[in-house]
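Engineer: In the numbering used here, the protein residues as written are 9 to 73.
1) Who are the near neighbours of residue 59 in its chain, counting only those whose CB is closer than 8 Å to its CB and skipping five residues on each side?
2) Answer yes or no: do residue 56 and residue 63 have a C-beta to C-beta separation smaller than 9 Å?
3) Tell me which same chain residues have a C-beta within less than 7 Å of the C-beta of residue 49, skipping the five on either side of it?
4) Which residues in the same chain as residue 18 place their Cβ atom closer than 8 Å to its Cβ, once the five residues preceding and following it in sequence are excluded?
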């Protein structure tokens, strides 16, 4: 059930015409936040790889819930 995922860090419009030094202060602040999100997504991927069926069953609507 392994799927390859591509993640991109593209600040701004992504046209490549921006100076690399111009985005450095904002990028330095965003990097720790991005790392936190990546860690969280990796943890979720790990849970889904080991307990995917159980994870899905926990969200199945039963009766009138």
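Note that beta-carbon positions come from the ideal geometry of N, C-alpha and C, so glycine has one too.
Structural biologist: Well, looking at it:
1) none
2) For residue 56 and residue 63, yes; Cβs fall inside 9 Å.
3) none
4) For residue 18, the predicted structure reports a pLDDT of 49, less than 50, and the residue's modelled location is therefore unreliable. A value from the coordinates is still provided. If we look at residue 18 and ignore the five residues flanking it on each side, it has no Cβ neighbours.
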